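Colleague: Going by numbering that gives the first Met the number 0, the final residue of the sequence shown carries number 341, and the count climbs one at a time with no gaps. Cβ coordinates follow ideal geometry from the N, Cα and C atoms, glycine included. The structure displayed is predicted, hence computed values, not measured ones.
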Amino acid sequence: MPLMNVLGIETSCDETAAAVVADGRSILSSIVASQVEIHARYGGVVPEVASRQHLLTIVPVIERALTTAGVSWRDISIVAVTNGPGLAGSLLVGVNTAKSIAAVLRLPLVGVNHLEGHVYANWLVEGEPPIFPALCLIVSGGHSDLVLMSGHGQFKRLGRTRDDAAGEAFDKAARVLGVGYPGGPALEKAAQGGKASLVLPRAWLKGTDDFSFSGLKTGLFHLAQERGIKPGSPVVNDAAASFQEAVAEVLAVKTVKAAERLKVKNIVVSGGVAANKLLRRYLLEKSLVPVFIPLLSLCTDNAAMIASCGYYRFQSGRSDGLNLDVVSSLAIGSDRVMTESN
Ligand code: KG4
Ligand code: ZN
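#1: Do three or more CB pairs link the region 74 to 86 to the region 113 to 132 at distances below 8 Å?
#2: Assuming contact is defined by CB atoms lying nearer than 8 Å, are Ala-165 and Val-198 in contact in what I supplied?
#3: Out of curiosity, what's the CA-to-CA distance linking Ser-28 and Gly-177?
#4: Following a CB-centred definition, is Gly-183 positioned closer than 7 Å to any heavy atom of the ligand ZN?
#5: Can you list, in chain order, every residue whose CB sits closer than 5 Å to a heavy atom of the ligand ZN?
#6: If we count the other Cβ atoms within 10 Å of its Cβ and call it buried at 16 or more, is Glu-167 buried or exposed?
#7: Expressed to the nearest angstrom, what Euclidean distance is found between the alpha-carbon atoms of Val-146 and Glu-259?
#8: Would you kindly check if the distance between the Cβ of Ala-133 and the Cβ of Val-290 is under 8 Å?
#9: Alpha carbon to alpha carbon, how far is Leu-186 from Asp-74?
#10: Using the DSSP secondary-structure output, state which residues sit across from Asn-4 in a beta bridge.
#11: Name the two residues that bound the continuous alpha helix (DSSP H) containing Ser-211.
#12: Compute the Euclidean distance between the alpha carbons of Thr-299 and Glu-14, then round it to the nearest angstrom.
#13: Between which two residues does the beta strand (DSSP E) carrying Ala-133 extend?
#14: Who does Asn-265 pair with in a DSSP beta bridge?
#15: Would you kindly work out how many angstroms separate the C-alpha atoms of Val-78 and Glu-62, rounded to a whole number?
#16: For a minimum of 4 consecutive residues, which ranges assigned as the alpha helix (DSSP H) are wholly contained in the region 232 to 292?
#17: So, are the CB atoms of Ile-26 and Val-35 less than 8 Å apart?
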């Protein structure tokens with residue numbers, strides 16, 4: 000059987016990404032043009048700026064994905080594109096480009112849910128992929144979900160955040176501590192130089208698979224005011240370490256307990272916060288079943304995960320055609336994304 004090459008396109012937030020993936024498992028190319036530096040000067044993603052930047056970058060990024068993969072248009076079998084959740088203007092650029100390509104080349108078009116896409120970063124591994132049933136922890140800028148995956152495309156949400164997403168909490172904490180942008184990696188770096196010695200609240204929400212990080216965020220805010228933790232002050236590193244430990248501990252303990260209760264075969268972690276080394280360590284240490292966590296470069300937004308998810312969706316009979324719409328929402332990092340309220 001010839002390989003089925005999927006062209007994946009991802010423009011849901013502030014990364015313009017294209018990738019070519021063979022048979023859902025093997026990355027031939029994965030190009031990500033980050034807009035981080037452009038948005039850094041505003042302290043968050045500006046939706047209008049993001050969509051205009053996608054418009055400028057999308058074609059060169061796709062061309063580079065093909066060249067790097069060493070394939071021509073004739074070698075592409077399916078086009079997969081993120082159609083939500085995300086910023087409407089950003090999504091429209093990727094979806095419209097994917098539609099044009101699919102229309103001209105008469106290729107099947109598959110719309111991919113961004114969060115499902117994140118999960119499929121775990122199929123882009125050498126060796127055996129995860130087996131079902133698996134418990135998925137999806138921790139991104141807009142989501143902190145525990146999801147039971149019983150087969151390809153078969154997801155049942157067990158729990159979610161009741162307020163801030165884990166990534167959003169990292170971004171807000173980074174702002175409070177003034178450690179830089181983007182918040183997650185900046186806070187992780189600050190935490191490396193500190194001790195987790197400060198007491199911060201953890202919301203366990205016992206008897207549920209839900210999360211809550213707003214109390215922790217408020218706790219950090221009060222601590223910063225009481226102790227006078229100003230950007231650059233020496234306790235900043237300890238505060239960052241204490242905050243990071245609280246988030247990682249709650250996520251890891253609740254995930255492992257749910258995995259034991261549900262008797263799943265694997266834990267599958269994904270989303271930008273999965274890049275956090277302490278969270279990775281806690282999950283690997285505490286879990287009794289194998290834990291899949293993507294390579295660092297595949298935790299944050301990329302198009303290889305979208306191509307992989309699109310491949311499995313197509314295999315299970317999904318093809319959306321040119322009527323594909325976008326499913327927008329400010330689901331992605333409502334703190335990272337600049338709105339009138341922040
Ligand atoms: O999945 P992602 O790239 O975009 C969304 O779909 O939201 O996730 C971005 C989020 C941001 O909130 C960012 O601060 C967080 O992931 N993040 C991290 C780390 N790297 C990215 N959080 C903690 N530690 C990290 N190393
Ligand atoms: Zn994402």
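Modeller: The short version:
#1: yes
#2: no
#3: 36 Å
#4: no
#5: Ser-139 and Asp-300
#6: buried
#7: 14 Å
#8: no
#9: 42 Å
#10: Ala-21 and Ile-75
#11: Per DSSP, Ser-211 belongs to no alpha helix (DSSP H) and is neither H nor E.
#12: 9 Å
#13: 133 to 138
#14: Ala-133
#15: 14 Å
#16: 235 to 261 and 276 to 285
#17: no
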